[in-house]
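Asker:
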Amino acid sequence: MTHDYLIEIGLEDMPAHVVTPSLNQFHDKTVAFLKANHLEHGTIDCYATPRRLALLVHDLAAKQADIEEDVKGPAKKIAQDADGNWTKAAIGFSRGQGMTPDDIVFKTVKGVDYVYLHKAIKGKSAAEILPGMLAVIKSLTFPTRMKWGAYDFEYIRPIHWLVSLLDDQVVPMKLLDVEAGRVTQGHRFLGKPVSLANPDDYVSALKDQFVIVEPATRKQLIRDQIKQIATDHQWQIDLDSDLLEEVNNLVEWPTAFAGTFDKKYLAIPEAVLITSMKDNQRYFYARDTTGKMVNAFIGVRNGNRDHLANVIAGNEKVLAARLEDAAFFYAEDQKRSIAEDVERLKAVSFHDKISSMYDKMGRTKVIADILADKFGLSTADKADLDRATSIYKFDLVTSMVGEFPELQGIMGEHYARLAGEKPAVAQAIAEHYEPIAADGALPQSLVGTVLAIADKLDSLMSFFAVDLIPSGSNDPYALRRQAYGIVRMIAAHDWPFALAKLQPAIAQALAAAGKTNGLDFAAHQEELNAFVIDRAKQLLQGEKIRHDIVDAVTVRSDADIAGILDAAKVLTAHAADDDFKAVMEALGRVLRITGNKATDTQVDPDKFKNNTEGQLHQAVTTTAQTFDAEPTEADYQALKALVDPINAYFDATMVMADDAAVRANRLATLQQLARLIRQFGDVSQVIVK
Amino acid sequence: MTTKMDIQTMIQTLQKFWGDKGCMLMQAYDVEKGAGTMSPYTFLRAIGPEPWNAAYVEPSRRPADGRYGENPNRLFQHHQFQVVMKPSPENIQDYYLDSLAALGIDPLEHDIRFVEDNWENPSMGCAGVGWEVWLDGMEVSQFTYFQVVGGLEVSPVTSEITYGVERLASYIQDVNSVFDLEWGDGVLYGDIFKEPEYEHSKYAFEVSDQEMLLKFFDAYEKEAWRLMDLGLVHPAYDYILKCSHTFNLLDARGAVSVTERAGYMSRIRKMAHKVARAFVAERKKLGFPLLQRKTEVQ
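So the sequences go chain by chain: A and B.
Count along the first sequence starting at 1, add 195, and that's the number in the numbering used here.
Count along the second sequence starting at 1, add 309, and that's the number in the numbering used here.
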């Protein structure tokens with residue numbers, strides 16, 4: 196016969212975002228607990244509201260299986276002395292197993308007699324095991340923890356009740372001064388405490404007390420209610436899944452309702468309306484059938500429909516106050532010119548140790564100029580970029596961004612358009628923060644992309660210049676994400692980006708422009724270069740490029756990011772070729788023998804001692820003329836065509852000849868070839884079988 | 310028709326309610342401050358092992374929030390009704406809801422939510438965990454379990470409830486502007502505070518003497534350290550409060566750059582940390598009198 200077990204933790208209101216992860220954790224740790232205790236079980240139902248985490252374990256075994264086993268002890272000759280008396284070893288072994296030497300039997304293993312004890316362990320009952328669930332409850336981890344009262348114990352919120360019910364019996368446990376029992380709490384206002392006869396009563400008993408404990412059911416109910424309201428009003432609602440998840444974990448008994456606001460507030464930018472409704476008030480906003488935003492919202496109450504008019508009126512009033520503020524800021528912000536706002540950036544700090552935002556813009560401008568040339572931007576694009584770099588942070592001092600920091604960039608674009616800036620300039624202002632997340636959208640426009648790269652590169656160089664270099668998990672300024680964003684943008688446009696050369700050039704230009712704020716922007720070059728190349732590695736690994744190919748291409752001599760990515764692409768495309776092994780071995784051999792040593796020796800054909808030397812030299816020289824700056828398919832094919840000459844060369848030629856002049860000449864020949872091969876990195880690291 | 314509760318009746322109601330729950334009804338503390346938390350009746354008393362239950366109204370000055378009396382919801386000075394109970398009672402959430410009921414707010418007629426909002430006051434080295442309480446979508450109270458005060462981890466934990474008096478009154482009296490609230494006896498909030506709001510905004514944003522304030526800050530800071538060295542905890546604390554308010558005035562005037570800002574905050578925080586330790590040491594020397602009183606009562 197099997198059993199049902201219900202465990203419920205009753206708490207003061209948990210943060211909405213903590214509810215679901217905590218429930219999953221509770222489930223997983225309970226499964227692990229039951230497994231460790233050899234208690235078989237069926238399905239586990241998971242329930243959660245802001246005030247409770249609960250699990251219902253079905254078909255729980257009544258007890259652990261009985262275990263019968265033979266335990267091997269010491270050899271017989273150690274267990275008994277010459278007279279056949281039990282030694283200390285035998286007595287100790289028996290005692291350790293909870294038995295006596297009288298229980299010992301002998302068995303022969305590979306010709307040697309050993310002491311054995313036959314043990315029959317009676318499985319414990321579920322009721323004996325389950326009090327151990329207290330440790331599971333205590334073991335849950337949370338993003339924030341708190342103490343309360345006079346206790347030293349920390350948890351997500353104070354614990355108020357525990358239900359621990361095995362069929363109709365309470366499994367006792369006590370946490371602080373909370374004794375587990377069978378009484379759970381209903382809805383805080385609508386419900387009453389209810390005593391559960393059996394675990395199976397849980398869902399229905401709480402439903403009677405205005406608590407819907409199944410998260411999925413509650414969420415579906417909210418979805419249906421919102422859809423009904425939308426249908427009634429002919430609205431379109433964006434059922435944002437994050438908002439729905441949050442709202443679902445703010446209520447036990449949801450009732451959706453519609454409210455309205457004065458039409459005049461529709462003149463406020465949409466992004467502001469959405470932030471006010473969605474982020475500040477947790478409302479869903481509405482559009483009409485043509486997609487235009489309407490002066491209405493949908494909220495979800497934690498309660499029933501009684502006195503709903505009160506609730507709606509209150510929510511409308513709060514939103515109106517917020518929108519009135521926003522309208523005020525919107526009007527105030529437009530009273531100032533962009534030039535005035537830019538001036539005010541002098542008093543806004545980018546970072547204490549670095550500079551003001553104004554100075555940061557100045558550096559970004561220098562960097563953007565250099566990049567625009569390298570990336571080959573048109574004169575028109577350069578003009579837009581120049582204007583954008585002169586103003587792009589101005590919205591940081593607007594009241595709207597002060598009130599809604601998450602609208603930085605978005606308000607900048609909006610205000611720039613209102614002020615008559617060119618659309619390309621306005622768009623670049625919004626885009627320069629992108630990608631906002633590691634896998635977030637990239638800027639759409641060329642100007643926006645270059646601005647985004649320049650701004651991020653300035654941040655990297657600035658923070659490295661003041662030794663604020665990320666280490667381990669410590670990356671407070673999200674420099675890894677910014678570097679990764681640069682790599683993604685470079686990859687998307689296949690632009691040249693060799694930081695090893697770029698950084699000194701930028702440092703020099705900043706110094707020439709008098710924009711270093713006394714900092715050394717050429718500092719930490721190797722570290723910064725490696726930091727960015729590590730992000731290229733991350734990108735390649737994310738694309739499931741073989742590790743050995745990643746290792747090979749990221750040691751490319753000039754460390755150009757686009758080159759690294761291209762090389763990986765080309766090598767990966769050929770990795771399954773029949774002749775890939777032969778190509779890699781031949782090229783790898785050249786790299787290994789030349790090492791990393793550069794040579795100034797010029798190749799002297801007069802010093803060639805056999806035909807293959809001249810043939811290889813000739814082939815390499817011809818190939819070098821058509822070789823691209825970046826690794827391409829054609830380059831790979833050209834190197835592939837050298838495989839036969841290379842092999843013939845090595846068959847006929849002893850590179851490390853005794854004659855120093857001959858040796859140097861041979862190394863010089865190979866160095867010339869190695870320089871071409873290194874476009875693809877250190878291919879000798881590519882593993883071929 | 311004025312059947313709606315005026316502000317002074319609200320305050321009386323809350324005082325009666327929390328007085329009945331064992332809180333001492335203290336008076337506002339007579340040094341300028343930005344929040345009721347900074348009253349010594351909260352900041353200092355939240356530190357150390359002694360029990361403490363108190364309730365009081367605290368006029369709270371935030372110069373940067375002044376709007377010349379023109380914004381219906383933003384004020385240079387607003388009023389907080391502050392309740393602190395240490396250790397936090399087990400049913401403090403229920404107490405709070407009952408106090409709303411005492412104000413005529415029936416939870417069945419509204420939507421009351423506890424929405425996560427962890428509170429921090431870095432310049433005083435304070436942090437807590439809790440919620441903002443929503444009444445039909447409006448934040449009417451801040452509810453916090455202090456975890457760290459003056460850089461010290463607290464034990465036992467103090468629960469702090471801060472009612473925004475004007476917010477709550479706007480709701481109860483159903484007015485759109487705080488200046489239309491009735492304070493008592495038919496006198497409106499605007500009659501009392503509109504002109505001071507204008508004058509204080511004018512002063513903080515346009516007229517204050519920055520040079521003088523900068524000197525004040527330095528002088529107050531010096532005096533606070535001198536007094537702490539002499540073991541005069543409470544006078545020292547008064548000067549820390551003065552530093553904090555002076556900084557707020559400078560900040561409103563735009564006299565503090567973002568870079569300097571962190572520097573000032575850190576100077577205040579250092580004093581707050583020091584005074585917190587000094588307070589515990591002083592109470593310890595006295596034998597934690599309130600702890601003994603508790604034992605005697607039991």
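Even glycine gets a Cβ: it sits at the ideal position worked out from N, Cα and C.
Only counting runs of 4 or more residues, tell me where the alpha helix (DSSP H) segments fall wholly within the segment 524 to 594 of chain B, in order along the chain.
Answerer: Segments of the alpha helix (DSSP H) lying fully in the segment 524 to 594 of chain B: 542 to 561, 567 to 594.
Asker: Which same chain residues end up closer than 7 Å to B:ILE470 when comparing Cβ atoms and leaving out the 5 residues on each side of it in sequence?
Answerer: Counting only Cβ-Cβ distances below 7 Å, and skipping sequence neighbours, we find VAL392, TYR405, SER450, PHE452.
Asker: Quickly, what does DSSP pair A:VAL495 with across the bridge? List them, please.
Answerer: Bridge partners of A:VAL495: A:ALA451.
Asker: By the three-class DSSP mapping on this structure, what secondary structure does A:PRO367 have?
Answerer: It is coil, neither helix nor strand.
Asker: Based on Cα-Cα distance, which residue from A:THR574, A:ALA285, A:LEU837, A:ASP265 lies nearest to A:LYS302?
Answerer: Closest by alpha carbon: A:ASP265.
Asker: Checking contacts by CB at 8 Å: is B:PRO372 closer than that to chain A?
Answerer: Not one chain A Cβ lies under 8 Å of B:PRO372.
Asker: Quick check: A:HIS913 and A:TYR831, are their CB atoms within less than 8 Å of each other?
Answerer: Nothing can be reported for residue 913 of chain A: it is not among the residues displayed for chain A, which extend from 196 to 884.
Asker: Since A:ILE533 and A:ALA623 are thought to touch, with beta carbons under 8 Å apart, how far apart are those beta carbons, to the nearest angstrom?
Answerer: That belief does not hold up - the Cβ atoms of A:ILE533 and A:ALA623 are roughly 14 Å apart, past 8 Å.
Asker: Based on DSSP bridge pairs, tell me the residues matched to A:TYR311.
Answerer: A:TYR311 pairs with A:LYS267, A:VAL300.
Asker: Can you tell me the Cβ-Cβ gap for A:LEU655 and A:ARG683, rounded? I've got them flagged as a contact below 8 Å.
Answerer: Actually they are not in contact, since the Cβ atoms of A:LEU655 and A:ARG683 sit about 14 Å apart, beyond 8 Å.
Asker: Go through the segment 313 to 340 of chain B residue by residue and report every complete run of the alpha helix (DSSP H) that reaches 4 residues or more, in order.
Answerer: Whole alpha helix (DSSP H) segments, 4+ residues: 316 to 329.
Asker: Starting from the C-beta of B:GLU475, find all residues in its chain whose C-beta is less than 6 Å away, skip the five residues before and the five after it, and write them out in chain order.
Answerer: The answer, listed in chain order, is HIS387, VAL487.
Asker: What are the boundary residues of the beta strand (DSSP E) that includes B:LYS395?
Answerer: 386 to 395 is the extent of the beta strand (DSSP E) around B:LYS395.
Asker: Given a threshold of 16 other Cβ atoms within 10 Å of its Cβ, counted over all protein chains shown, does A:GLU535 qualify as buried or as exposed?
Answerer: That one is exposed.
Asker: Thinking C-alpha only, which one of A:ARG784, A:HIS812, A:THR225 is nearest A:GLN797?
Answerer: A:GLN797 has its Cα closest to that of A:HIS812, out of A:ARG784, A:HIS812, A:THR225.
Asker: Report yes if the C-beta distance between B:GLU297 and B:ALA436 is below 8 Å; otherwise report no.
Answerer: Only positions 310 to 607 of chain B appear in this structure, which leaves residue 297 of chain B out of reach.
Asker: Thinking C-alpha only, which one of A:VAL300, A:ASP278, A:ALA277 is nearest A:PHE288?
Answerer: Measuring from the Cα of A:PHE288, the nearest candidate turns out to be A:VAL300.
Asker: Would you say B:MET447 lies against chain A (beta-carbon separation less than 8 Å)?
Answerer: Interface residue, yes.
Asker: Taking 7 Å as the limit between beta carbons, can you name the residues of its chain near B:PRO368, skipping five residues before and five after?
Answerer: Here the set comprises ALA337, GLN386, HIS388.
Asker: Comparing alpha-carbon positions, which option in A:ASP653, A:ALA227, A:LEU385, A:SER668 lies nearest A:VAL561?
Answerer: The residue with the shortest Cα to Cα distance from A:VAL561 is A:ASP653.
Asker: Give the straight-line distance between the Cα atoms of A:ALA836 and A:GLY713, rounded to the nearest whole angstrom.
Answerer: Taking the straight line joining both Cα atoms gives about 53 Å.
Asker: B:GLU591 touches chain A at which residues, Cβ-Cβ below 9 Å?
Answerer: Neighbours of B:GLU591 on chain A: none; closest Cβ ~22 Å, over 9 Å.
Asker: Quick one: what does DSSP say A:ASP240 is sitting in, helix, strand or coil?
Answerer: DSSP places A:ASP240 in strand when its eight states are reduced to three.
Asker: Taking the alpha-carbon of A:ALA777 as reference, which of A:ARG870, A:THR593, A:VAL883, A:ALA284 has the nearest alpha-carbon?
Answerer: If we check each option's Cα against that of A:ALA777, A:VAL883 comes out closest.
Asker: Kindly say whether B:HIS419, judged by its beta-carbon, lies nearer than 8 Å to any beta-carbon of chain A.
Answerer: Judged by the 8 Å Cβ criterion, B:HIS419 is in contact with chain A.
Asker: Since A:THR848 and A:ASN805 are thought to touch, with beta carbons under 8 Å apart, how far apart are those beta carbons, to the nearest angstrom?
Answerer: Contact flag correct, Cβ pair sits at about 6 Å.
Asker: 8 Å is my cut-off, CB to CB: does B:ARG422 come that close to chain A?
Answerer: Yes - at least one Cβ of chain A is within 8 Å of the one on B:ARG422.
Asker: Between the C-alpha atoms of A:TYR478 and A:ASN669, what's the straight-line distance to the nearest angstrom?
Answerer: Between A:TYR478 and A:ASN669, the C-alpha separation is close to 35 Å.
Asker: Inspect the beta-carbon positions of B:VAL584 and B:GLY459 and report whether they are closer than 8 Å.
Answerer: Their beta carbons are under 8 Å apart, which means B:VAL584 touches B:GLY459 by this criterion.
Asker: Tell me the DSSP secondary structure of B:MET310 in three-state form.
Answerer: In this prediction, B:MET310 scores a pLDDT of 39, lower than 50, which makes its location untrustworthy; the coordinate-derived value is nonetheless stated afterwards. It is coil, neither helix nor strand.
Asker: Figure out for me which residue from A:GLY494, A:MET341, A:LEU218, A:LEU646 has the closest Cα to the Cα of A:VAL620.
Answerer: A:VAL620 has its Cα closest to that of A:LEU646, out of A:GLY494, A:MET341, A:LEU218, A:LEU646.
Asker: Thinking C-beta only, is A:ALA754 closer than 8 Å to A:VAL881?
Answerer: In this structure, A:ALA754 does not lie closer than 8 Å to A:VAL881 by Cβ.
Asker: If you pair each beta-carbon of the segment 532 to 547 of chain B with each one of the segment 555 to 565 of chain B, do three or more pairs fall below 8 Å?
Answerer: Segments in contact, no.
Asker: On the CB-based measure, 16 or more other CB atoms within 10 Å of its CB, does B:THR351 come out buried or exposed?
Answerer: Counting Cβ neighbours within 10 Å, B:THR351 comes out buried, since at least 16 surround it.
Asker: Which residues in the same chain as A:THR455 place their Cβ atom closer than 7 Å to its Cβ, once the five residues preceding and following it in sequence are excluded?
Answerer: Taken in chain order, the residues that qualify are ASN490, ALA491, GLU511.
Asker: Whose C-beta lies closer than 7 Å to the C-beta of A:LEU461 among residues of the same chain, with five residues either side of it excluded?
Answerer: Within the same chain, A:LEU461 has close Cβ partners MET488, ASN490.
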